[in-house]
Structure formats: structure tokens, C-alpha cells
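Input: a single structure, listed below in C-alpha cells.
Protein chains in written order, with our numbering: chain A, 1 to 376; chain B, 377 to 677.
Now the structure itself:
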């Protein structure tokens, strides 16, 4: 009996471990990782993941708003007597604001076990002379973090951008400046015309405002992993990367099918295209209520926006004269008209303008109304 | 072991006499396999991290009391227009290589690799080079006679000669900051590097760390640690995102550079048999010629 229990217990244990491995998500399991890279115990659980302090992998568990973090951090953990430079004032809030469109907190806080955000020196040794050479020391870690972005701006390495030589007199109090600094509000353009070098269909007008206001896309849904250089590129044209056709289409292809040949004309036109108008393009007026919805509420198949039935019943199938409040249309029906079935007046399935002629010979909507107009 | 030139000449004269007298000596291995300590140090250069700030060049010159521009001048990137080599005025230089479209350029620091079996040491006829226990290949000015064989022998073309000095020119090459490491300090370039492109540690540990990096980030590195096996292994080793041949590294085999030359040199003089054989052969020919001449002379009479 004891043996059977033991075997049963072993099976349960194996089952548990399997379940947890699955839970970690595909990105986690696809990496060349061994459990012991991150976990100190053999069987980590959700309650006790027994995470080691410093695996090199990107696992951040903390997300904060820019205001929640410190405004300014004075980097002085590496102070020495023979330092060339003064300590560095790091405008944390400014950088946090900037990171919102470029990957978020995780960009720098690339590993954080559950709980509060830990400092770089928790994992990165302050001494360059050390036993464990697997990860950079603190000085290296700081610089690698900063230079990845700062190098992109001009293509140069300017120590002076962050550092001030000790010998030099203070020019201005960088600490004060850092507190006040915040990233200027990013202005969104109405539209951008990307002119292609091709003779045919050279105008590709991107309606930026429309994508935000009409299609209700978050900034992050397009601008998620962008470097500062996206806007602040000071490199000469020859040093700028040349974009391949695929790369140019990448921003659009998450929603628009850019591979299908017939689809080119959707964006590529000889003349500058006009903005999207649901009524002109599809014949269906969105009106007050439908324009408030995001596209996918009705166009549920991702990436495809065609083939919806214009009949109201195709979506709102269960509306009858009993459960439909006519007030939402901006017209309160009088007591007489309230008694009729919807179809008595609305002969078309689109429930647009009513037809009065079945009862009233010379009445016409909207000259004559079956009730009172109200504000909706 | 502080020998002066006079001492060297004395010993070599004595050695010559004893060789002539005894006509057999033990072959001396130039490559000091006996001194390679398991704990010897090294530097791993991760060229994918280097930003080309050239602070190492400044630190190197400062640490070796060589004339240098102020540190701010090193921000000037126009030096990268030309490919440079370490010379008598700069023991280390950083070169920049264009990268694929849009990626950062690749910066590569060049200096003495501090071979495990140094060709310079083997080629030096007066024993002015030594392989120290911590991995350093050291040049000793007291012994050097300025023959510059080391410059020819080096597979990485590192040793440089002070051609502009008429009096007592030196051989100049990176000394792995031997004076600093002796005191427990880091090499000057390693200490100043802002990105820790240069990781200083036990050579065996560095190889392990480098292999781990390649395993974790296969898209970032080519699967090759330059210096792990090249010319029998070097103390300085490199990681790169590109084939090393494209970064101006010479293509080298795994055999130690002194291997072939020493085999020939030592072979020729092994137990002094080949020289004696040659002398014997020449003597034989002379003797035969003499005999023939004698016979011809005798025939005339």
C-alpha cells in the first residue's frame, strides 16, 4: 500500500511540474534555458518560485507609470578617488516617459524578481576585479544600458552628454535641470504622405489622426519598440539604414494584408488619397452610436473589414417593439405609433427613413413626425 | 635572472666553447610549456559591445608614461578613416569596421595577444622575452640587442621598434600592464573601459563565460573564440558578430607559431650530429679530391 501511494505521489508531482512549464509561456520555453538558470530549487511553484537574483534573461515583473518612479537618480555607486568625471545625474522620469513607446520599464529593468524594483548593483558587481565574469560589472552595465540608445542619435560617442570632467567648474546644476525636465508632448500629425520612388501609385498617404481617433489604436499598438532615434536621428543620410520593402510595410502589415497583390491600391495611389469615410466607402453611415465603437466590435475577423450585412437584424437580431427604446434614435414615438410593429413604418431592413404612405397619403418624413424629437 | 648584455656575451662565449668541446647539448624548448599556469590570466574582448571611445588608448599611454593628447581629444572619430596598427607610440589602437546596413560599426581593439607559446620569445636569440606565470609575454630591455627578429616572428605583427631613436631604441609592445597586475591592479585599458568590453579574469573562466555567451545569444556572435586555439592559444581572446577575417585578423592555424621553426632549428643541431655529418661529408669530399689530385700528379711522373 505504501508503495502504491508513493508512486501516485510521484505521478502527481510530475504532472505539477509539467503544468508549470506550460504556464511559463512560449517565449520562456523557447529560449535555450535550463531551469537552474533562474530557479534555485528543483521544483519551483507559483507561491515559491525560488528565483535566483540574477539570471541574465529578460524577466521583468514590475510595470510602473513614469510618475511612480523617482524623478532623478544620482549615480554615485562607483565613486573613487581617481575618478575622471563627476557623478552623473540621471533624469529617471524623463527616461521613463520616453520608454513608453520603446518597450517600457523592461528596456532597462531587464530583470526583476517579484516585488519592488531592484537596483542594478543587486546583480552587477561594483568591482571590476572579480571572480564571476559572466555578467558585466556595474560600470559596464550602466554604460551598456545608456549607450545602446545614446549612440544612435548622432552615431558618435559623446561622454560629455552625461559626464562632466571633475577638473571643470560646474557649468550649471544638472540636478535641478533633471527634476524639471520632462519629455515634450508628442504631437501627432494629421496625415503623412510617404512618397514612393515608383511611377505608379507613388502616393501612400497615412492618416495618422484617423488611426487614433477613428480606428482607436493606442500609440503603443504601433510604436512599441522604437528607439529614440526614430524621431531624433541626427545621422547624415548616408549613415541612415536603408529600409527593405518588407521593413517599410511592417508597420502596416499587422492590420493590412500587404502581401496580396490586389491590395496595393488600398494605400498606393497616383493621386493623394482622401481620408476614410465609412459612408462613402461602404455606404453604411456610422452615425452617432456606431462611430463610438472600435472597428473590431463589428468586424470581428482580424484584419478583414469586408462583407458585413447592413441589415440591423444581422447584429441586433432580438430587437422588437417591446424591447427597443426608440428614444435612442432621437425621436420619442407618440402613444399611437408606439403600438405598431417596427416593420409597419420601416419597410427596409436597414431601418433608415420610415415610410408613412401606408396610413397617411400625403405625409412624409421628416416633414411630419410620428412623435417628438429629443436630444440624444 | 637579471642578466646584462655583458653577462649574456660571457655566457654565450662559454656556451660556444662548451658546444665545440662536448659537441652535444640538450635541446632547449623555446616555448615555455612548463610555465603555463592553470591560473594564468587573460582578457576577453567582446567586440559586439565596443563603442570605439578609445579611452583604452589614452589609459594605456598614461599608464606607460608615453606622451598623449588630453582625454577629450579622443572623442575625435576621424582617426577611424585610416586602419591603424600598434606602433612604438601606441601600444594599443582601436579600429572601426563598417557593419551591415543600419547596425552599429564594429570596433576592434588591437594589442599584443600574449600567446601561450610566443613566437617572439622563440625567435629571440638572446632570451629578451619571457612568458610570465600570469600569462604576460614580457620584453626585457637589458638583454635586447635590437635584432628585431621578434617583429618578423610575431604572427600578429605586434612588436614595434623605435626607429626614430638613434640611441638605445626599444622594442615596444603591450606588456599586459605587468607592473600594475603585479600590485594587484587591473591593466589600465581594462580598468578604464566604460562598457567592460574587456573582461579580465582567469583564462579558463573567460573561455567558459565566452562559450556561455555564444550559447545564449547565437544570433549575436559567430561561434568562434579567437585566441582559444589560434597559434596554440593566447591570453587575449575575442568574440565577434562577424567572421574575424573581415576584421583584419590574420587567419592562423592551431599550431603554436614556434612549432615549425623550432623543429627545424633544433633538428639541425640535434646532438650536433647533422653539423658533424656535414663537416664529415665536406671533409670526405676534400680528402677524395686531394687523393685524386695526388694520383694525377703521380701519373705524370
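Glycine included, every Cβ here is placed at the ideal spot set by N, Cα and C. It should be emphasised that the depicted structure is a prediction, and the values quoted were computed from it without experimental measurement.
Just tell me which of the options has its CA closest to the CA of residue i.
i	options	result
residue 166 of chain A	A:86, A:259, A:317	A:86
residue 345 of chain A	A:354, A:253, A:100	A:354
residue 569 of chain B	A:362, A:98, A:159	A:159
residue 429 of chain B	A:183, A:191, A:147, A:180	A:147
residue 245 of chain A	A:93, A:253, A:140	A:253
residue 232 of chain A	A:120, A:184, A:369	A:184
residue 314 of chain A	A:283, A:293, A:127, A:351	A:351
residue 472 of chain B	B:491, B:490, B:489, B:452	B:452
residue 495 of chain B	B:481, B:530, B:647, B:508	B:530
residue 339 of chain A	A:330, A:322, A:327, A:348	A:322
residue 188 of chain A	A:286, A:157, A:259, A:212	A:212
residue 282 of chain A	A:310, A:225, A:288, A:294	A:310
residue 413 of chain A	A:177, A:103, A:374	A query on residue 413 of chain A cannot be resolved here, the shown segment of chain A reaching from 1 to 376 and no further.
residue 107 of chain A	A:90, A:149, A:133, A:116	A:149
residue 557 of chain B	B:509, B:520, B:500	B:509
Identify the residues that DSSP records as bridge partners of residue i: which are they?
i	result
residue 648 of chain B	Paired residue(s): none; residue 648 of chain B is not in a bridge.
residue 371 of chain A	A:333
residue 515 of chain B	B:505
residue 612 of chain B	B:419
residue 605 of chain B	Its beta-bridge partners do not exist; DSSP assigns none.
residue 268 of chain A	A:204
residue 484 of chain B	B:471
residue 450 of chain B	Answer is none; residue 450 of chain B lacks a bridge partner.
residue 574 of chain B	B:421
residue 463 of chain B	B:466
residue 260 of chain A	DSSP output for residue 260 of chain A lists no bridge partner at all.
Measuring only the C-alpha atoms, how far is residue i from residue j?
i	j	result
residue 137 of chain A	residue 595 of chain B	23 Å
residue 270 of chain A	residue 222 of chain A	26 Å
residue 56 of chain A	residue 566 of chain B	With a pLDDT of only 48 at residue 56 of chain A, under the threshold of 50, the placement of this residue in the model should not be trusted, and no figure is reported.
residue 105 of chain A	residue 525 of chain B	57 Å
residue 576 of chain B	residue 79 of chain A	21 Å
residue 505 of chain B	residue 63 of chain A	58 Å
residue 50 of chain A	residue 40 of chain A	6 Å
residue 123 of chain A	residue 143 of chain A	15 Å
residue 631 of chain B	residue 611 of chain B	15 Å
residue 72 of chain A	residue 515 of chain B	50 Å
residue 369 of chain A	residue 284 of chain A	24 Å
residue 92 of chain A	residue 69 of chain A	7 Å
residue 291 of chain A	residue 164 of chain A	54 Å
residue 364 of chain A	residue 278 of chain A	27 Å
residue 586 of chain B	residue 550 of chain B	23 Å
residue 470 of chain B	residue 203 of chain A	46 Å
residue 620 of chain B	residue 268 of chain A	44 Å
residue 36 of chain A	residue 52 of chain A	9 Å
residue 432 of chain B	residue 447 of chain B	10 Å
residue 398 of chain B	residue 503 of chain B	A caution first: residue 398 of chain B carries a pLDDT of 39, below 50, which makes its placement in the model too unreliable to give a value.
residue 134 of chain A	residue 34 of chain A	16 Å
residue 75 of chain A	residue 553 of chain B	29 Å
residue 670 of chain B	residue 659 of chain B	16 Å
residue 234 of chain A	residue 248 of chain A	20 Å
residue 457 of chain B	residue 474 of chain B	11 Å
Just verifying my parser: in three-state terms, what is the DSSP assignment at residue i?
i	result
residue 250 of chain A	helix
residue 39 of chain A	strand
residue 99 of chain A	helix
residue 435 of chain B	helix
residue 555 of chain B	helix
residue 139 of chain A	helix
residue 639 of chain B	helix
residue 524 of chain B	coil
residue 89 of chain A	strand
residue 654 of chain B	helix
residue 20 of chain A	Confidence in residue 20 of chain A is poor, its pLDDT being 41 and thus under 50, which makes the residue's placement too unreliable to answer from.
residue 230 of chain A	helix
residue 84 of chain A	coil
Looking only at its chain, what residues have a beta carbon closer than 6 Å to the beta carbon of residue i, apart from the 5 residues adjacent to it on each side?
i	result
residue 152 of chain A	227, 229
residue 47 of chain A	none
residue 128 of chain A	137
residue 420 of chain B	575, 582, 586, 613
For residue i, collect the residues of the same chain with a Cβ closer than 8 Å to its Cβ; drop the 5 residues on either side in sequence, then sort them by chain order.
i	result
residue 276 of chain A	207, 210, 214
residue 191 of chain A	205, 206, 207, 208, 209, 210, 275
residue 20 of chain A	In this predicted model, residue 20 of chain A has a pLDDT of only 41, less than 50, meaning its place in the structure is not dependable; the value taken from the coordinates is given anyway. The residues are 44, 45, 46.
Spatial neighbours of residue i within its chain, please: CB distance less than 7 Å, with the 5 preceding and 5 following residues excluded, ordered by chain position.
i	result
residue 571 of chain B	425, 426, 427
residue 179 of chain A	71, 72
residue 415 of chain B	578
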